[in-house]
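Residue numbers (UniProt numbering): 1 to 813. Here a beta-carbon is modelled for each residue, glycine too, at the ideal position from N, C-alpha and C. Some notes on the structure that comes next.
Below, the structure is given as structure tokens:
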């Protein structure tokens, strides 16, 4: 919110106040001042001049010789090249010695042999934002109203002796989205009185209810709807002082009627809308919700299709004429031919305006205020103020009475504040009298006892609903710098990470220390991307966004892999071929076709590996990564989390993965055996489609790991007795997995088996069709004594027998 100090002084005295110091005080009181803009960008010695005559320059077709009365006692001859300069105009004239923005100093000069005693200025040359001027004045010199007095300093006339404070408001401080709200805030800080406008309306003898009627069919979304009727207006430019204030607030003046509605909106924070009364069919305005498929052409010329929950203003024929609280309709727009006005002021539900604005992608100054809930007590004062201004500056005749429907009168809240609680919270010793005085500066009425203050909160401060809100108000006006530092009192608890938080940090640390790089992908992906890996989505439906940023970001991700693959493609296209990436993020799942509840949000770990394990050296070739590099990383992770003995892998070939180089990961945990993820190589066809080398990916659900993870470290005593090693090679059917062989070996060998590893797999014609030889190395050890050959031989025979019975395994000879 841009707050002009010149405008602010209408409501509160700023005598003796330094603007920089005021900005510091406001910031210290809780509202940050982003910037202080001085509207005078370096203009001096520029006055209003009257162009008495204009003649063509004898030696330059594009130059004119103007005789100008600038109130200096004698006329000035000025050479001007602007196309729109003409005799009879009032214009800004930079006298000799004047200074303009950018360090330009005006001197006497000869232009093509003709003396020029000054300069006729454009808005841009005066440092004004010409985009905020009426379109006809955005080019050429600035033409001033006829009634301005010759010789008047231009800084005074255009309000350039003004400084604008930019209030950076938090959502709860919507009360300061108005000049009066800002005045209340500054008045509380400076402890000065606030003067409100007192509009006066002359009696015309015409009753408003005879000219316009209103009805409200959505009382839950419009608690108050009021209109006034103003006849015989003359649409034209608004007064210059009003234009100056609107431009200081960043709003372009349009006409006196529109400018007045904008001015009062900035003044009271209450949006208004002016309809051309003669274009309202049936002489009635109604409020209702839209019907699906209804259309309205808004003031910006766009035809908009409306959803069923949008709040509309309709005419007597039940046709839409405005989007309530957002933007008016083109059919009832105020134009130069408008004679009669219906002026609207209402209290629309912020949630409805926000929904309509967001759905249509249409935001306005009005919707911004309605979304944050305007002060219901300002509906009628703002309406009367605008009507009085239209009578004064548009010659309007204001019909008597307000036509309105009220479903809910504004009520002030009464909040109890315990003085003991106030001082306990702040660590202060503020008395009841002090607290009441501070709250009184905010124009809050206070009553009650010494121990408990009963505070009546005005409707403009909708953010104050509890005693802690009042404590905050007292603290910020008492001054945070005046509150002494004290020791914390009361029960304290030691902070710490939850188990999921700690495990995520452990996983992240382990992977990054192992050379993996963390990435963060979008939560939104293109439609159908997750369908390439149906096993990961488990048959759930895609969740479409109501208003996607783009087609590539149109659904919530059901898997991290599509985003990971996009990142790999992006890097490969930029010659980054060796990638070891991981992401910890959420995926979203639902089995509903149309959402009726929040989708399931599941934490997931995803990994991607491609390129070389080791780069080419002079004495060794490059080594490509493979399936077992990825599996090894996962096994290290599981070992670190204490779940390695609970993990099993089963070969499979789900869609999107290489049919012979992929596996499902199972965890035998507290809830039994469950599949927690998949790892493997991308399908060769998908790799070719994406122009990727062999790429290995994995995706794991983290919730099962959270439930089953144990200690990260398990310490064991170093062995003091020797181990005994036995190697064995067995011939089995080729479909028997090595993991199954190891499971049987561990079962039969019992506690004496320290480790077992596969060190060779052989296939060939000598073994027979459908057969393979698997060689394993077994290490036996007892932690408390030396094993004998006989003990090891007995256990080893049990292992061989178990393999024979389970898999019909034969010892290879």
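Could you compute how far the alpha carbon of residue i sits from the alpha carbon of residue j?
i           : j           : result
residue 688 : residue 646 : 36 angstroms
residue 756 : residue 795 : 14 angstroms
residue 401 : residue 175 : 28 angstroms
residue 553 : residue 17  : 52 angstroms
residue 777 : residue 734 : 19 angstroms
residue 228 : residue 213 : 10 angstroms
residue 815 : residue 120 : Outside the modelled stretch of the chain, which goes from 1 to 813, sits residue 815, for which no answer is possible.
residue 807 : residue 749 : 16 angstroms
residue 558 : residue 605 : 13 angstroms
residue 445 : residue 165 : 29 angstroms
residue 742 : residue 574 : 44 angstroms
residue 503 : residue 706 : 7 angstroms
residue 58  : residue 391 : 49 angstroms
residue 269 : residue 185 : 14 angstroms
residue 322 : residue 700 : 52 angstroms
residue 199 : residue 56  : 50 angstroms
residue 47  : residue 103 : 18 angstroms
residue 612 : residue 623 : 5 angstroms
residue 530 : residue 351 : 34 angstroms
residue 535 : residue 248 : 60 angstroms
State the CB to CB distance for the pair residue i and residue j, rounded to an integer number of angstroms; the pair is presumed to be in contact (CB under 8 angstroms).
i           : j           : result
residue 399 : residue 206 : 4 angstroms
residue 271 : residue 329 : The pair is not a contact, with the Cβ atoms about 15 angstroms apart (cut-off 8 angstroms).
residue 177 : residue 372 : 7 angstroms
residue 311 : residue 218 : 6 angstroms
residue 858 : residue 232 : No answer is possible for residue 858: it lies beyond the span of the chain, which begins at 1 and ends at 813.
residue 85  : residue 54  : 6 angstroms
residue 470 : residue 417 : 5 angstroms
residue 579 : residue 610 : 5 angstroms
residue 151 : residue 241 : About 18 angstroms separates the two Cβ atoms, so there is no contact after all.
Under three-state DSSP, which class holds residue i?
i           : result
residue 121 : coil
residue 471 : helix
residue 814 : Missing from the structure shown is residue 814; the chain here goes from 1 to 813 and no further.
residue 92  : strand
residue 499 : helix
residue 186 : helix
residue 296 : strand
residue 724 : strand
residue 443 : coil
residue 404 : strand
residue 715 : coil
residue 253 : coil
residue 841 : This structure gives no information on residue 841, because the portion of the chain shown stretches from 1 to 813.
residue 106 : coil
residue 665 : strand
Would you call residue i buried or exposed, if buried means 16 or more other Cβ atoms sit within 10 Å of its Cβ?
i           : result
residue 13  : exposed
residue 618 : exposed
residue 340 : buried
residue 261 : buried
residue 236 : exposed
residue 828 : In the structure as shown, the chain begins at 1 and stops at 813. Residue 828 is therefore absent and cannot be evaluated.
residue 7   : buried
residue 491 : exposed
residue 38  : exposed
residue 436 : buried
residue 520 : exposed
Output the boundary residues of the beta strand (DSSP E) element that contains residue i.
i           : result
residue 700 : 695-701
residue 166 : 163-168
residue 533 : First-last for residue 533: undefined, no H or E at that position.
residue 345 : 341-348
residue 453 : 452-457
residue 647 : 647-651
In the DSSP assignment, find the unbroken alpha helix (DSSP H) run with residue i in it and report its ends.
i           : result
residue 267 : 256-268
residue 789 : 789-807
residue 549 : Premise fails: residue 549 is in no alpha helix (DSSP H) and is neither H nor E.
residue 173 : Counting along the chain, residue 173 falls outside any alpha helix (DSSP H), and DSSP gives it neither H nor E.
residue 133 : Note, residue 133: premise wrong, no alpha helix (DSSP H); not H, not E.
residue 610 : Looking at the DSSP string, residue 610 is not in any alpha helix (DSSP H); the run it does join, the beta strand (DSSP E), is 600-610.
residue 56  : Not the alpha helix (DSSP H): residue 56 falls in the beta strand (DSSP E), residues 44-57.
residue 589 : Where residue 589 is concerned, there is no enclosing alpha helix (DSSP H), although the beta strand (DSSP E) it sits in stretches over 579-589.
residue 572 : 561-572
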